[in-house]
Amino acid sequence: MDVKLIAEIGINHNGSINMAKKLIDLASDKGFHFVKFQKRELEICIPKNEREKLRDTPWGTITYMKYKDKLELNISQLKLLKKYSKKKNIEMFVSCFDTVSLNKIKPLKFKYNKVPSALISNEFFLKQVANEKKHTFISTGMCNLETIKKAIKIFKYKKCNFTLMHCVSLYPCPENMLNLSLIEYYKKKFKCDVGYSGHESTVSPSIYAYILGAKVIERHITLDRALWGTDQSASLSGKGMEQLVSIIEKFNIVRGKPQKIFLPEEKNMLIKFKYW
């Protein structure tokens, strides 16, 4: 397969290590290449005006801050999940939402970094990520073209390899807003590898992204789209993941090569038709 598939587990584990392991199992079993989690320092990442807002959750009606704390994995848990991912023969890495988290995960020695769309305009954060010189997937939602140009300039200046990920940060994203033509546009304009981070509720746009040249496809995954959580409905379940992998594999079979071949079987068929 000439495309890499990232299974974004994100917060779809709902704070459960057992559920996180099941999601790793799912990604491994369905043929994905990476699993990805998230890490936040809540005192930094949660705006003060959001912290005390009440939210109905599986743990009752609690503040937004307490709700986010229920979902947050600590370093020991991430270390455990990295070990489990290795056992399942799938590469794990983490997208951090602040520099404190970025520093905290350093001892885990992940091979890749991910810049979430929400952080692409944080130039200080980008510089810290680029300083690590790890291949970085840069999501391009929640910003304009000038912001993307500045991000690319930082990574090129720091000589840090990256893949630009086309993304529209709506959860789920209506298909008429996906604007997949940007995949080809970014490739031509920035002369770099381009991927796709999708948040739609269907499989087909990821297939189209691949056909348009996406080198990496990232999709949120879930054990059940009906589960509680903000990202569940914008995720692929096992069936959707299976469809994505099988269609890409089939496409590579039927695509063949840009070379006209007069097959022996066709020559035999011609005998039935040729009268001259």
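Per the working numbering, the sequence shown starts with residue 34, numbered consecutively. For glycine and all other residues, C-beta sits at the position ideal for the given N, C-alpha and C.
Opening and closing residue of the alpha helix (DSSP H) in which residue i lies
{"i": "K116", "result": "I108 to K120"}
{"i": "M34", "result": "No alpha helix (DSSP H) holds M34; DSSP gives it neither H nor E."}
{"i": "G345", "result": "Any property of residue 345 remains undetermined from this structure, which presents the chain solely from 34 to 309."}
{"i": "Y145", "result": "Element bounds for Y145: not the alpha helix (DSSP H) but the beta strand (DSSP E), Y145 to V148."}
{"i": "M210", "result": "Per DSSP, M210 belongs to no alpha helix (DSSP H) and is neither H nor E."}
{"i": "Q71", "result": "No alpha helix (DSSP H) holds Q71; the beta strand (DSSP E) holding it covers F67 to K72."}
{"i": "T180", "result": "L178 to Y190"}
{"i": "S134", "result": "T132 to K137"}
{"i": "F295", "result": "Neither: F295 is in no alpha helix (DSSP H) and is coded neither H nor E."}
{"i": "V162", "result": "E156 to N164"}
Rounded Cβ spacing between residue i and residue j (contact assumed at less than 8 Å)
{"i": "F158", "j": "T196", "result": "Going by Cβ atoms, the distance from F158 to T196 rounds to 18 Å, so no, they are not a contact pair."}
{"i": "I138", "j": "I181", "result": "With a Cβ gap of about 25 Å, I138 and I181 do not count as contacting."}
{"i": "R73", "j": "E105", "result": "6 Å"}
{"i": "S128", "j": "P149", "result": "5 Å"}
{"i": "G48", "j": "K116", "result": "Wrong, their Cβ atoms sit about 19 Å apart, outside the cutoff."}
From the options, residue whose alpha carbon lies closest to that of residue i
{"i": "V36", "options": "M210, Y229, A259 and S109", "result": "Y229"}
{"i": "N155", "options": "F65, E275, M175 and N136", "result": "M175"}
{"i": "P91", "options": "P291, K115, L260 and E275", "result": "L260"}
{"i": "I123", "options": "L114, L152, D131 and F130", "result": "L114"}
{"i": "T263", "options": "L215, K72 and D89", "result": "D89"}
{"i": "K191", "options": "S214, E179, M274 and A163", "result": "A163"}
{"i": "S278", "options": "K120, T132, Y243 and Y117", "result": "Looking at the sequence itself, residue 278 is Val, so the reference to Ser does not match. Closest option to V278, Cα to Cα, is Y243."}
{"i": "G151", "options": "F188, C225 and T173", "result": "The question names Gly, but residue 151 in the sequence shown is Ala. Checked all of F188, C225 and T173; the closest Cα to A151 is T173."}
{"i": "S237", "options": "L87, Q292, K55 and E208", "result": "E208"}
{"i": "T235", "options": "L245, Y204 and A53", "result": "Y204"}
{"i": "D62", "options": "M274, E299 and I153", "result": "M274"}
{"i": "C193", "options": "F284, K86 and E165", "result": "E165"}
{"i": "N177", "options": "L215, L303 and K142", "result": "L215"}
CB contact flag (residue i, residue j, <8 Å)
{"i": "I44", "j": "E251", "result": "no"}
{"i": "G112", "j": "K144", "result": "It is worth fixing the name first, because residue 112 is Lys in this sequence and not Gly. It is not a contact, given that the beta carbons lie outside the stated cut-off."}
{"i": "S126", "j": "K147", "result": "In the sequence as presented, Ser is not what sits at residue 126; that position holds Phe. Going by C-beta atoms, F126 is nearer than 8 Å to K147."}
{"i": "K101", "j": "L75", "result": "yes"}
{"i": "M34", "j": "E282", "result": "yes"}
{"i": "I286", "j": "I240", "result": "no"}
{"i": "Q110", "j": "I57", "result": "no"}
{"i": "L245", "j": "L211", "result": "no"}
Extent of the continuous beta strand (DSSP E) run through residue i
{"i": "D89", "result": "L87 to T90"}
{"i": "V249", "result": "V249 to H253"}
{"i": "L197", "result": "F195 to C200"}
{"i": "C225", "result": "Looking at the DSSP string, C225 is not in any beta strand (DSSP E), and its letter there is neither H nor E."}
For the pair the segment 219–234 and the segment 244–259, tell me if three or more CB-CB distances fall below 8 Å. In this structure the segment 219–234 lies against the segment 244–259, because at least three pairs of beta carbons, one per stretch, are closer than 8 Å.
Under 8 Å: do the segment 267–283 and the segment 69–88 share three or more Cβ pairs, one atom per stretch? Result no; under three Cβ-Cβ pairs closer than 8 Å.
Touching or not, the segment 90–98 and the segment 59–73, by the rule of three or more beta carbon pairs under 8 Å? Not touching, per the Cβ criterion.
Cβ pair count under 8 Å reaching 3, the segment 198–205 against the segment 182–189: Because the criterion of three Cβ pairs below 8 Å is not met, the segment 198–205 and the segment 182–189 do not touch.
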